[in-house]
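Q: With the numbering used here applied, the sequence shown corresponds to residues 2 to 211, in that order.
C-beta: ideal position from N, C-alpha, C; glycine also.
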Amino acid sequence: MLKLYQKGFFYYISGIILLTLGISLTIQSHLGTSPFDALLVGLYRTFGLSIGSWEIVVGFSIIVLNALFTQSKPEYFAMLTSLLTGIGIDTWLYVQGTWLTTNSIFEQSVLLLLGIIFTGIGVAIYLESSFAPNPMDRSMVILTDKTGWSFSKSRAIISITLVIVAFFFNGAIGIGTLLNALFSGIIIQRIRPYVLSFKHRNYTKKVKVS
Numbered sequence: 002m003l004k005l006y007q008k009g010f011f012y013y014i015s016g017i018i019l020l021t022l023g024i025s026l027t028i029q030s031h032l033g034t035s036p037f038d039a040l041l042v043g044l045y046r047t048f049g050l051s052i053g054s055w056e057i058v059v060g061f062s063i064i065v066l067n068a069l070f071t072q073s074k075p076e077y078f079a080m081l082t083s084l085l086t087g088i089g090i091d092t093w094l095y096v097q098g099t100w101l102t103t104n105s106i107f108e109q110s111v112l113l114l115l116g117i118i119f120t121g122i123g124v125a126i127y128l129e130s131s132f133a134p135n136p137m138d139r140s141m142v143i144l145t146d147k148t149g150w151s152f153s154k155s156r157a158i159i160s161i162t163l164v165i166v167a168f169f170f171n172g173a174i175g176i177g178t179l180l181n182a183l184f185s186g187i188i189i190q191r192i193r194p195y196v197l198s199f200k201h202r203n204y205t206k207k208v209k210v211s
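Given below as structure tokens:
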């Protein structure tokens, strides 16, 4: 268990738990989700299955496409990330059930705000694990390498593409989609130093104990 912790397993699982909580809250707000999650909701509305199931299906598909573009083997740990993220989303939506309802724009806004914050915190923690790549993030890196574009431009192009596709599938596009794009990166950037500090402090304590 200690070995897994040292490899970032603790940060990996904690990050995914908070990330999927944030995603579920943005979905429940009905004000719009991130571009990728908007597509998942659209596929759910169009074809059925659960939102988490589409996370797994689309995630696996992206992993295969990434492998084809790079002419390499699929990243199997990335499949684990898609699987756990899909399970996490469905679990949180099930736990929230029908009791988490919104009766006003204020309540919707609160859920959206909390969702964006938890998503940002989850990603910030998850990034420190270096345990398994996120398929979509990997796609952005591949696009950057293949085109010579900046990572920000590649991210923007993929996000716009996802929004367009989500639109045709009646995805969860709204003000929340824009706010996710504007503030998620800022939250991640602000939270990561605290995660690094916590990680370093715990590592220092272990060294002293040893």
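Count the other C-beta atoms from every protein chain shown that fall within 10 angstroms of the C-beta of T82, then say buried if there are 16 or more, exposed otherwise.
A: Label assigned to T82: buried.
Q: Does the region 62-72 touch the region 22-38, meaning 3 or more C-beta pairs lie closer than 8 Å?
A: Segments in contact, no.
Q: Between S211 and the rest of its own chain, which residues show a CB-CB distance below 7 Å, the 5 nearest in sequence each way excluded?
A: Note on S211: pLDDT 49, under 50, position unreliable in the model; the coordinate value appears next. Cβ within range, chain order: n/a, list empty.
Q: If you draw a straight line from the C-alpha of V208 to the C-alpha of F199, how long is it?
A: Low confidence applies here, because V208 scores a pLDDT of 45, under 50, leaving its location unreliable and the question unanswered by this model.
Q: Under DSSP, the alpha helix (DSSP H) around N67 begins and ends at which residues?
A: Per DSSP, N67 belongs to the alpha helix (DSSP H) from I52 to T71.
Q: Alpha carbon to alpha carbon, how far is I17 from L40?
A: Rounded to the nearest angstrom, the two C-alpha atoms are 19 Å apart.
Q: Would you mind stating whether S155 and L144 have Cβ atoms separated by less than 8 Å?
A: The answer is yes: Cβ separation under 8 Å.
Q: What is the DSSP secondary structure of S130, counted as helix, strand or coil?
A: Three-state DSSP puts S130 in coil, outside helix and strand.
Q: Are the beta-carbon atoms of T27 and G123 separated by less than 8 Å?
A: Contact flag unset, no.
Q: For G121 and S105, I'd like the C-alpha separation in whole angstroms.
A: Rounded to the nearest angstrom, the two C-alpha atoms are 25 Å apart.
Q: Note the first and the last residue of the continuous alpha helix (DSSP H) segment covering K154.
A: Residues F152 to F169.
Q: Buried or exposed: where does S153 fall if 16 or more other Cβ atoms within 10 Å of its Cβ makes it buried?
A: Flag for S153 reads exposed.
Q: Can you grab the Cα-Cα spacing for the pair W150 / G98, in whole Å?
A: Those two C-alpha atoms are separated by around 42 Å.
Q: Using the Cα positions of L19 and Q190, report the straight-line distance between them to the nearest angstrom.
A: So the alpha carbons of these two residues sit roughly 16 Å apart.
Q: Span of the alpha helix (DSSP H) holding S140?
A: It spans P136 to T148 - the alpha helix (DSSP H) in which S140 sits, taken as one unbroken run.
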